[in-house]
Amino acid sequence: MCYAIPGRVVSIKGQIAVVDYFGEQRTVLNDNDDIQPGDYVYAQGGILINKIAEKDAREILGFWKEKFFELKKIDAQYSKLHTSGEGELLRILQRVNVKQKLNNEEFIYLLNLQTKEEQSLLFETANVVRQKEHDNACCVHGIIEFSNYCRCDCFYCGLRKSTSQKRYRMTPEEIISAATYAVNELGFKALVLQSGEDEWYDEEKLVTLVKEIRKLNVLIFLSIGERSKALYKKLYETGARAVLLRFETSNKEIFQNLRPGTNLEQRLDLIRYAKELGYIVATGFLIGLPGETEEDILNNIMLTKSLGADMYSFGPLIPAAGTPLEKEPLGEKSAVLKTIAVTRLLDRKAKILVTTALETLGDNAKKEGLLAGANSLMINVTPPTYRDLYIIYPKHGKEVKKAIQETIDLLYSLGRAPTDLGL
Ligand code: SAH
Ligand code: SF4
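Read in order, the letters of the sequence shown are residues 149 to 571 in the numbering used here.
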């Protein structure tokens with residue numbers, strides 16, 4: 149099984165390599181000294197991960213050759229406007245088509261669209277932009293949820309320290325073995341290591357983890373919350389190359405109310421620091437927090453952009469049992485889809501993730517997210533013994549091979565190919 153298509157390096161200038169996928173070229177970062185033009189490589193998240201033998205690459209590309217062009221045709225069919233519009237909406241979207249920048253009022257207008265028809269036109273327009281900017285490339289990352297202990301008490305989260313759920317910690321050996329399975333047996337090229345803010349994993353344990361998992365030739369994303377800058381620096385030096393850390397909301401007051409003992413500026417400072425260190429940064433926010441307005445959502449998108457996010461990660465609030473927000477309404481799918489679409493229009497080249505939280509809002513949500521402008525997915529590869537214990541919010545765990553097959557079927561049906569999105 150393979151989720152990434154190998155590419156051929158066509159040129160290297162300093163740390164920048166250009167990789168060709170059947171004639172389509174993407175720019176990636178390369179810190180590997182022995183890569184030469186002509187080599188076959190895997191890249192993920194805009195980073196060159198490893199070289200593969202020409203013979204193996206040719207075999208894999210042999211399978212992909214026809215499929216790749218067949219998929220492009222399917223994607224092109226989807227990337228058209230099928231719905232018509234009129235009035236203010238049409239005027240705004242016509243400006244998008246000629247690459248004019250929209251103003252805040254216009255973005256708010258789009259975030260407020262109510263009718264199915266108007267929303268469809270917005271989603272289709274965003275999907276056209278996605279196709280123009282990224283073609284049919286789609287990243288598929290794996291996620292291992294390795295501990296549900298957390299020292300924080302975020303009001304929205306089922307893992308907050310005050311909930312009484314059963315806790316677990318995977319040992320470093322278990323995590324390495326889960327990563328080895330995900331890479332060697334399942335074919336993942338990028339893995340998110342996620343947990344509550346759990347200091348049991350000290351520098352020594354995390355360094356061991358990163359060192360061992362890096363040997364598997366995989367892009368490591370850290371999603372371990374607000375740990376020290378020194379730790380993030382050390383883990384970068386050890387080989388981690390990406391960080392998933394949301395700022396959650398750009399609204400200071402809401403942040404302060406929902407994340408006792410922490411503050412927005414400090415979290416933003418850490419995200420900026422990770423970026424400075426050279427990490428690929430995935431960040432974003434929750435949609436549907438109490439008191440939030442469309443203006444807040446627009447500010448959230450803009451803040452994500454201004455942080456220089458390499459990937460947008462945002463999803464709906466799913467009320468979790470035992471938390472102060474358990475009685476809040478479930479996040480609305482249409483609000484998330486509109487946010488994806490507006491993000492695509494505001495930041496045309498963005499990499500936008502369909503998050504697992506969005507997927508919980510209905511069987512079709514993943515597909516709808518991809519058709520509203522998103523181009524990246526995550527599959528849960530946490531071992532079955534622990535998966536059901538990681539309850540940030542209620543979700544339906546699927547057996548991993550089944551989840552992978554369903555994802556591949558979906559990508560093929562939409563004409564998306566698992567190539568790297570480039571820098
Ligand atoms: N502890 C780390 C990583 C795990 S939490 C951290 O906080 O960064 C990962 C994400 O889950 C959080 O960033 C938050 O946006 C999201 N989350 C928490 N509770 C949620 C809920 N009830 N519904 C949807 N997403 C939630
Ligand atoms: Fe802990 Fe992250 Fe949940 Fe906050 S969101 S309680 S930091 S796991």
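Where is the CB? At the ideal position from N, CA and C, for every residue including glycine.
Status (buried if at least 16 other CB within 10 Å, exposed otherwise) for residue i
i: K486; result: buried
i: M149; result: Residue placement at M149 cannot be trusted, given a pLDDT of 37 that sits under 50; what the coordinates show is reported in the next sentence. Under this definition M149 is an exposed residue.
i: P532; result: exposed
i: P289; result: The residue you asked about is not Pro; residue 289 is His in the sequence shown. Buried, because 16 or more other Cβ atoms sit within 10 Å of the Cβ of H289.
i: R278; result: buried
i: A378; result: exposed
i: A285; result: buried
i: N448; result: buried
i: P542; result: exposed
i: A224; result: exposed
i: G545; result: exposed
i: V158; result: exposed
i: R239; result: exposed
i: K497; result: exposed
i: S310; result: exposed
i: V429; result: buried
i: F369; result: buried
Residue i in three-state terms, based on DSSP
i: V490; result: helix
i: N245; result: helix
i: T328; result: helix
i: Y110; result: Any property of residue 110 remains undetermined from this structure, which presents the chain solely from 149 to 571.
i: R564; result: coil
i: A363; result: What sits at residue 363 in the sequence shown is Lys, not Ala. Coil at K363, not helix or strand.
i: S398; result: coil
i: A422; result: helix
i: F369; result: strand
i: L446; result: helix
Euclidean distance between Cα positions of residue i and residue j
i: V331; j: Y427; result: 21 angstroms
i: P154; j: K423; result: 27 angstroms
i: E266; j: G233; result: 7 angstroms
i: T431; j: L393; result: 5 angstroms
i: L412; j: C300; result: 14 angstroms
i: E385; j: R362; result: 12 angstroms
i: G521; j: H282; result: 10 angstroms
i: N296; j: S312; result: 11 angstroms
i: E396; j: P467; result: 15 angstroms
i: D568; j: L241; result: 28 angstroms
i: R317; j: Q248; result: 50 angstroms
i: R492; j: V244; result: 11 angstroms
i: C302; j: L434; result: 12 angstroms
i: A152; j: E345; result: 31 angstroms
i: V529; j: I372; result: 17 angstroms
i: F462; j: I200; result: 34 angstroms
i: G335; j: K228; result: 32 angstroms
i: E374; j: L418; result: 7 angstroms
i: Q163; j: G194; result: 12 angstroms
i: V167; j: K161; result: 12 angstroms
i: F403; j: G306; result: 17 angstroms
i: K221; j: G563; result: 7 angstroms
i: I488; j: P408; result: 29 angstroms
i: F170; j: P438; result: 47 angstroms
i: G479; j: P464; result: 5 angstroms
i: D495; j: F217; result: 27 angstroms
i: N613; j: S482; result: For the chain, the structure presents residues 149 to 571; residue 613 sits outside this window and is missing.
i: G436; j: A205; result: 45 angstroms
i: L364; j: R415; result: 31 angstroms
i: I524; j: K213; result: The amino acid at residue 524 is misidentified as Ile; the sequence shows Ser. If you take the alpha carbons of S524 and K213, they lie about 22 angstroms apart.
i: S454; j: I208; result: 39 angstroms
Identity of the residues DSSP links to residue i by a beta bridge
i: P464; result: I435
i: T410; result: Note: T410 sits in no beta bridge, so no partner.
i: R317; result: S295
i: T175; result: V166
i: V158; result: None, per the DSSP bridge assignment.
i: L339; result: G290, I368
i: V391; result: L370, V429
Length-filtered (4 minimum) alpha helix (DSSP H) runs lying within the segment 177-227: Within the segment 177-227, the complete alpha helix (DSSP H) segments of 4 residues or longer fall at 202-226, listed in chain order.
Within the segment 250-302, ranges of the beta strand (DSSP E) (whole runs, at least 3 residues): Runs of the beta strand (DSSP E) inside the segment 250-302: 287-295.
At what residue ranges does the segment 483-536 contain a whole run of the beta strand (DSSP E), taking only runs of 3 or more? Complete beta strand (DSSP E) runs here, min 3: 524-528.
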